[in-house]
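Student: This is the structure I want to talk about, given as structure tokens.
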Amino acid sequence: MKIKSGFVVRKVGGKSVAVAVGELSKEFRGMITLNDTARLLWDRLQQDTDEMELAQALIEEYDVSPAKAAADVEEMIGQLRAAGILEA
Amino acid sequence: MEKSEILKREGMYLSTPSGNSMRPLLRGGKDTVVIRPAPDRLARFDICLYRRPDGKDVLHRVIRVRGACYDIRGDGCDYTEHGVPHGRVIGVMEGFFRGQRYIPVSSCAQRLYARAWNLLYPARWFAMRCWRKARRILKK
């Protein structure tokens, strides 16, 4: 799975915000605020990846437990899927 | 979530404007605008996000302040909306991204552009009307 192409991340006032551009901006009209964890996952999701790789990235970066990493990944993936931001 | 609610919660709203009514400044579908909550009163040449009575949200420039109302016009438009009340204003544009470059509207260049572009309006209006007429004639 990966993020649909057509999103760009802008850094404004210390916050990372993703918005759609081009054709995708006609379909997706909102903005997505990314905290540091979400930004890490978002960047990894620019390439095709899976939940295990994403969880591993969190463990390496933040030294969290596998269970916590998996839960954070599941939450974010769920939100992205519900918003229609992920490619199948 | 409404844009006004996002502005309240996040202190900003980012969006890719559709359409080309703010050309040449903003390219529809390409540039990213940064909107902040509106101050109590807008100034001339501020670019504001406001809601029309039909519910459509529009990002255009204030060209005249009339008490608690504004005359507003898109940089690429040949018409002016008169008497837009401040109550319809959702936010004010702080700057925009063109590619990776961030351009604040407060920069010297942007303020000069706003004044110069507005000064050229009579000539632009005339040119746009001529162009539309020519296109209509050519289509026949």
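Just so you know, the sequences run in chain order A and B.
Residue 13 in numbering that gives the first Met the number 0 sits at position 14 of the first sequence; the count goes up by one each step and never skips.
Residue 59 in numbering that gives the first Met the number 0 sits at position 60 of the second sequence; the count goes up by one each step and never skips.
Glycine included, C-beta positions come from ideal geometry on N, C-alpha and C.
#1: Starting from the N-terminal side, write out each stretch of the alpha helix (DSSP H) that is 4 residues or longer and does not extend beyond the region 55 to 87 of chain A.
#2: Starting from A/A17, trace the beta strand (DSSP E) in both directions and tell me its first and last residue.
#3: Assign B/S14 to one of two classes, buried (16 or more other C-beta atoms within 10 Å of its C-beta) or exposed (fewer than that).
#4: Give me, in chain order, the residues of the same chain whose beta-carbon lies closer than 8 Å to that of A/M0; leave out the 5 immediate sequence neighbours on both sides.
#5: What's the gap between the Cα of B/I136 and the Cα of B/R123?
#6: So, is A/S24 buried or exposed, given that buried needs 16 or more other C-beta atoms within 10 angstroms?
#7: I'd like the list of long-range same chain contacts for A/W89, defined as Cβ closer than 6 Å, with 5 residues on each side in sequence excluded.
#8: Taking Cβ positions only, does A/R9 come closer than 7 Å to chain B?
#9: So B/S20 packs on B/G28, CB below 8 Å; how close in whole Å?
#10: Taking 7 Å as the cut-off, decide whether the C-beta atoms of B/G75 and B/R22 are in contact.
#11: Taking all protein chains shown into account, decide if B/F125 is buried (16 or more other Cβ within 10 angstroms of its Cβ) or exposed.
#12: Find out if the Cβ-Cβ distance for the pair B/V61, B/D45 is shorter than 7 Å.
#13: From the beta carbon of B/F44, is the nearest beta carbon of chain A less than 7 Å away?
Tutor: Reading from the atomic positions:
#1: 65 to 81
#2: K14 to A19
#3: buried
#4: L44, D47, T48, D49, I76, L85, E86 and A87
#5: 20 Å
#6: buried
#7: Any question about residue 89 of chain A goes unanswered here, given that chain A covers just 0 to 87.
#8: yes
#9: Between B/G28 and B/S20 the Cβ distance is about 13 Å, and since that is not below 8 Å, they are no contact.
#10: yes
#11: exposed
#12: yes
#13: no
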